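Using full-length UniProt numbering, read the sequence shown as starting at 1 and increasing by one per residue.
First the structure, in the form of C-alpha cells, and then the observations on it.
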Amino acid sequence: MNQHHSPILFPVLAASLWLGCVLTDSTFAQEQSDPPPNIVMIIADDLGYGDLGCYGQKLIATPNIDRLAEQGTRFTQAYAGGPVCTSSRSVLMTGLHGGHTPARDNVPHYPTYLDDHDQTVAEVLRGAGYRCGGVGKWSLGDAGTAGAATRQGFDQWVGYLNQDHAHYYYTEYLDRGEGRIELPGNPIARHTYSHDVLTDHALSFMTDARQQPFFLYVAYTLPHFSSKTEDRDGLAVPSTAPYSDRDWPDKAKKYAAMVHRLDEGVGQIADRIDELGIAENTLLIFSSDNGGHATVWDRFDTNGPLRGYKRDLTEGGIRVPFIARWPGKIPAATVSDEVIAFADMMPTFAKIADQKTPADLDGVSVLDVMLGQQRTAKRDHLYWDYGHCRRFYDQAVRQGDWKAIRLGKEKGAIQLYNLKNDVGESEDVAADHPEIVAALARIMDNATTPHPRYPVGQRYQGGPIWRAENQHASLVDLPSVSRPGQGAHLQSEFVFHPDNRPTPQCHSSTLVETPSGLVAAWFGGTNEPALDNVIWVARQVDGRWQEPLQVADGSEGESEEHRVGNPVLFQTNEGPLLLFYKVVDPKVGRASHWWGMLMTSDDHGATWSKPRRIGIDEKLGPGNPNLIGPVKNKPVQLADGTIVCPSSTEHDGWRVHFEISRDLGKTWTVIGPINDAANFNAIQPSLLVHPENQLQVLCRSKEGVIAQSWSQDGGKTWAPITATTLPNPNSGTDAVTLADGRQLLVYNHTIKRGPFPAARTMLNVALSDDGKKWEPVLTLERERGSEFSYPAVIQTSDGNIHLTYTWKRQSIRHVVLDPERL
1 MNQHHSPILF PVLAASLWLG CVLTDSTFAQ EQSDPPPNIV MIIADDLGYG
51 DLGCYGQKLI ATPNIDRLAE QGTRFTQAYA GGPVCTSSRS VLMTGLHGGH
101 TPARDNVPHY PTYLDDHDQT VAEVLRGAGY RCGGVGKWSL GDAGTAGAAT
151 RQGFDQWVGY LNQDHAHYYY TEYLDRGEGR IELPGNPIAR HTYSHDVLTD
201 HALSFMTDAR QQPFFLYVAY TLPHFSSKTE DRDGLAVPST APYSDRDWPD
251 KAKKYAAMVH RLDEGVGQIA DRIDELGIAE NTLLIFSSDN GGHATVWDRF
301 DTNGPLRGYK RDLTEGGIRV PFIARWPGKI PAATVSDEVI AFADMMPTFA
351 KIADQKTPAD LDGVSVLDVM LGQQRTAKRD HLYWDYGHCR RFYDQAVRQG
401 DWKAIRLGKE KGAIQLYNLK NDVGESEDVA ADHPEIVAAL ARIMDNATTP
451 HPRYPVGQRY QGGPIWRAEN QHASLVDLPS VSRPGQGAHL QSEFVFHPDN
501 RPTPQCHSST LVETPSGLVA AWFGGTNEPA LDNVIWVARQ VDGRWQEPLQ
551 VADGSEGESE EHRVGNPVLF QTNEGPLLLF YKVVDPKVGR ASHWWGMLMT
601 SDDHGATWSK PRRIGIDEKL GPGNPNLIGP VKNKPVQLAD GTIVCPSSTE
651 HDGWRVHFEI SRDLGKTWTV IGPINDAANF NAIQPSLLVH PENQLQVLCR
701 SKEGVIAQSW SQDGGKTWAP ITATTLPNPN SGTDAVTLAD GRQLLVYNHT
751 IKRGPFPAAR TMLNVALSDD GKKWEPVLTL ERERGSEFSY PAVIQTSDGN
801 IHLTYTWKRQ SIRHVVLDPE RL
C-alpha cells in the first residue's frame, strides 16, 4: 500500500482549517447475520518507534507483538495524539487534535479534564450496545469528577485514574470504577506488580463479555518510568529476566525487562482472544501513547531512525508503532505507509459499530486503510502542539509529505522538512519553500481553540494533586514520638554531649554488654569521607559514660593514612571482647574497596591489642580479595563457639555474605554471596535466630524496602532475598532476637524521597512474633531536616533493650527500653 499524498491547499480557508478533516457517515458493510465486531485497543506508555522487533529492534525481543504484525498490518506512519501522556489519550478518546481536545498537556494538574458535555469513544460504542471496559492509565479525570472513566462511557475501569498515580508500579491501591482495590503494604512488601493486575482484569473482562460486542481499552503503563522511591533508576520491575546476564548497564536491563513484560501481557490478551474463539470477529490494535524517552540506553535506539523523543514534536516524539490484527478482514503480514492518527480511532470505531460521531471531529475513519482498501476519507492536515502552560509553546503540522515545526524557544521560527525524503528531519528546507512555510504557519495560527484550563503563555508553577503520601498511607499510621518515662521508653541520654563532641561529626555506632558494663564505639572526624576519621570507644562505668578514647586511626602498620569506618563490637561467650572496623584505601576512597581489621580487649574495653588485618589468606572472590568481618551489625555466636558475621560487599552491586570463624577470628570461611544484586541490592545484614535452626537476615536495600533472606539449616544455605513489609530509605538498620522469642528492629520507617517525614528524619522500632509480620511500636525521633540513623541494638542480661544511634551527626544517643511494655 502507498501513502496518500494530499496537495497543499492555497489559499487555506479558516473554517476548513478549524475542521481539519472531512467526515463520512457511511456504514461498515457486513453480513446481517454477523455480530458487531469486538474492539481491543492496547497502548503502551513511552514505547519508542524502534523498541519492537518488527520495527527494527535488535537487542530486546518482542515475539508476541511481532506475531501480531505477522498476523495483521504494521503501519509505518502512525501518529500519537501528542508528545506526552495526557494529551495523547485525550485525542484518542475524543477524536479531536491537540488544539481542540479537552486535555492538552500533563500540566496544569486538574481533578478532571473531561466534562459532562465531552463525548468519548466509549460513549459512542456504548450507544451501539457495546460493553466497554478499560484497564490501566486513564489520566482524564479522578474519582468523583465528571471525567472519571465510568462517567465517560466505560462500564468498568481498573487501574490509575490519575496521571501521577500511574508512576507507582507497587501502589497501595488501584482504582476500580470510583472505588479501590486495596493493596495494603504493597509499596513496601511488593507483593503485587500493577501491570500484572491490569492484564488479569483485561483477560477477565473479555471472558465475561464474550457473548456481546465489547470494547476493551488497555492503557498499559509499561515501559514508562516509575517513581524513584520504587527504584533508584526509575525503572521498577520485579526482575531483569530474561536480560539479567547481559553485559549491559542496570538501567538497560530494567528497561528491556519492562518491554519484555509488556510483550508478555500483549501476548496473553491475544491468546485469550484466540482461546475464546472470537479472533475473527475482533479488531485488535497495538500502539504507544508517544515516542520513547531520551534516557533510554542509546544502544537500544528507542526511536529508530526518527529524531527526538517524548515531549518533542519531531517524529521521535509523536510517530509511534501501530499494528492492527483482524483475521479475515485485515491483510496479514503486510506493511502500510498510509498516514493514520489517534484522532482517527473514534470515527473508525464508530464506522465499525455503525454509529454516528460527534460533529466537527478532527479525525477521519481509516477503516478502509486498515482493511487494505483505497482510502476514501480525505484529510487536509495533522496538527500537534505542546507546552501551553510551560516555558515554551511549540506547534507542528503535517500536510502531505511536508512537516512544519514552530518552536517557542526559537521565537516562532518555523522549520520545514520533507518526510518522504527525510524521515529523520535532518535538513531544514524552510528557506527553499517560503510559500509552504507560510501556508503551514496559517494552519498553526488557526489550529487552537482557546481553553480556560490552558492559558498559553502563563507558565504553570503548581504541583501534582496525587502525592506520594497517598501511596504510602501506612506512613501516617505510626506511633507519636516517645519520651523517657513514657511506656516502654525508660531512658535516653547522650554517650557524649553534642557541645563537647571530640570531632565535628560522628556516625555508625555499635554497642555491647561486657561483664563490666556497656561499651560503645563509633567513627568520627571532620565528615564521613574525611581521612581524619578515627575509631572511638566509650565505656559506661557505674551507669555513667566515660570520656571517649581514640583506639584506631587507620595508620596501623601502613605507610600512609587510611580512612576508617563502621566499627562493630562483639563479646564472645568465653573469650575476649572483639572490635572489628573497616579501612579504606585512600587511592580508591570508596567502601567498595575496604578491608577488615580486628582488635581485642581482655579487660572489657579498657585497653586494646594492636589491630591486625583479618582474612589475609581467605578470598571473597574475583574483584574483592578482602575479608571485612561484620560490615555494620553484630555477629552471632553459635552453641559450638562458631562466630557468624553478617557482612556485605559493594564492589559489584550490593551483595550479602557471611564470614565465619571457629577460632576467634584467626581463620575464616565464607558463605555467599546469597544474592546476585539483579533484583535486590542489599547490604549491612542483621542476624535473627528463630526456632528449629532457622536464621533470618534483615538488610538495608536500594529498593526502598527492608530486604530479608531465610536459612532453614543454620546458615549453610539461604533463600533468595525478598522484601519485608517495612520501608527503607537506603539507610542502615539493626535487629535483635529477644529472650521471649520476639524479633525487634530499629530502622527508619520512611521512603527516601517524599513529603516529611522522609529519608533519615524519623527513627522507629518495630516488633514481630515470627519475623514476617512486623508492627511499628515506637517512634524514637522525628524532626524535619535532621538525621537519626545507623542504630545498634542489644538485649542486656537484665532483660532491658539498649540501643544507640547517630544523633544529627553530632553525638551518639543511648536509649533503654522495657520489652515487657512493648
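Virtual Cβ for every residue (Gly too), placed ideally from N, Cα, C.
Because the structure is a prediction, the values reported are computed rather than measured.
Checklist entry - Grouping DSSP H, G and I as helix and E and B as strand, with all else coil, what is L569? => result strand
Next on the checklist: Excluding the 5 residues flanking A252 on each side, which residues of the same chain have their C-beta closer than 6 Å to its C-beta?
Outcome noted: W297
Checklist entry - Would you call the CB atoms of L511 and I683 closer than 9 Å? => result no
Checklist entry - Under the rule that 16 or more other beta-carbon atoms within 10 Å means buried, what is L236, buried or exposed? => result According to the sequence as given, residue 236 is Ala; it is not Leu. The residue in question, A236, is buried, as its Cβ has 16 or more Cβ neighbours within 10 Å.
Next on the checklist: So, with DSSP's three-state summary, where would you put P187?
Outcome noted: helix
Item to check | Separation of P529 from T649, as counted between CA atoms | outcome: 18 Å
Next on the checklist: What does DSSP give as the partner residue(s) for M41 in the beta ladder?
Outcome noted: Y217, I285
Checklist entry - For the segment 711 to 723 against the segment 758 to 766, are there 3 or more C-beta pairs whose distance is under 8 Å? => result no
Checklist entry - Can you tell which of F680, V697, P791, K666 has its C-alpha closest to the C-alpha of R190? => result F680
Item to check | Every unbroken beta strand (DSSP E) inside the segment 636 to 677 [3 residues or more] | outcome: 643 to 649, 655 to 661, 669 to 671
Item to check | Selection from T804, D45, P102 that minimises the alpha carbon distance to H388 | outcome: P102
Next on the checklist: Taking only three categories from DSSP, how would you classify L92?
Outcome noted: helix
Next on the checklist: Between the alpha carbons of S26 and T357, how many angstroms are there, rounded?
Outcome noted: Below a pLDDT of 50, predicted positions are generally treated as unreliable, and S26, at 41, falls in that range; the measurement from the model is reported next regardless. Roughly 11 Å separates the two Cα atoms.
Item to check | Same chain, Cβ closer than 7 Å to K329, neighbours up to 5 away in sequence not counted | outcome: L371
Checklist entry - If you compare alpha carbons, which of L767, T725, L763 is closest to G741? => result L767
Next on the checklist: Can you find the residues in the same chain that come closer than 7 Å, C-beta to C-beta, to V112, ignoring five residues on each side of it along the sequence?
Outcome noted: Per the sequence presented here, residue 112 reads as Thr, with Val not at that position. Correct list, in chain order: G141, D142, T145, A146, G147.
Next on the checklist: So, for G771: in the same chain, excluding its five sequence neighbours on each side, which residues have a beta-carbon less than 7 Å away from its beta-carbon?
Outcome noted: L688, H690, Q696, Q743
Checklist entry - Should D105 go down as buried or exposed, given a rule of 16 or more other Cβ atoms within 10 Å for buried? => result buried
Next on the checklist: Within a Cβ cutoff of 7 Å, which residues of the same chain sit near G127, ignoring the five residues on either side of it in sequence?
Outcome noted: Q355
Checklist entry - Using CA coordinates, which residue listed in I273, H224, C506 is at the minimum distance from N38? => result I273
Item to check | Beta-carbon gap between F322 and S365 smaller than 9 Å | outcome: no
Checklist entry - When you compare only the Cα positions, how much space is there between S33 and R753? => result In this prediction, S33 scores a pLDDT of 48, lower than 50, which makes its location untrustworthy; the coordinate-derived value is nonetheless stated afterwards. Approximately 59 Å, taken between the alpha carbons.
Checklist entry - Since Q491 and N527 are thought to touch, with beta carbons under 8 Å apart, how far apart are those beta carbons, to the nearest angstrom? => result Wrong, their Cβ atoms sit about 30 Å apart, outside the cutoff.
Checklist entry - Alpha carbon to alpha carbon, how far is C21 from A359? => result Any reading at C21 is ruled out, since the residue's pLDDT is 36, under 50, leaving its predicted position unreliable.
Checklist entry - Going by DSSP, what residues sit across from T376 in a beta bridge? => result Per DSSP, none; premise fails for T376.
Next on the checklist: Give me the residue from T76, S139, C54, R809 with the minimum Cα distance to D499.
Outcome noted: R809
Item to check | the segment 58 to 71 contacting the segment 310 to 320, beta-carbon criterion three pairs below 8 Å | outcome: no
Next on the checklist: Looking only at its chain, what residues have a beta carbon closer than 6 Å to the beta carbon of R398, apart from the 5 residues adjacent to it on each side?
Outcome noted: L382
Next on the checklist: If you follow the beta strand (DSSP E) that N418 is in, where does it begin and where does it stop?
Outcome noted: 414 to 418
Next on the checklist: Quick check on DSSP: helix, strand or coil for G265?
Outcome noted: helix
Item to check | Uninterrupted beta strand (DSSP E) stretches inside the segment 701 to 749 (no shorter than 3 residues) | outcome: 705 to 711, 722 to 727, 734 to 737, 743 to 747
Next on the checklist: So for F322, helix, strand or coil by DSSP?
Outcome noted: strand
Checklist entry - Between which two residues does the beta strand (DSSP E) containing F349 stretch? => result Careful: F349 lies outside any beta strand (DSSP E), inside the alpha helix (DSSP H) at 345 to 352.
Item to check | DSSP three-state assignment for S555, whether helix, strand or coil | outcome: coil
Item to check | Three-state secondary structure (DSSP) of K356 | outcome: coil
Checklist entry - Which residues bound the alpha helix (DSSP H) around L125? => result 121 to 126
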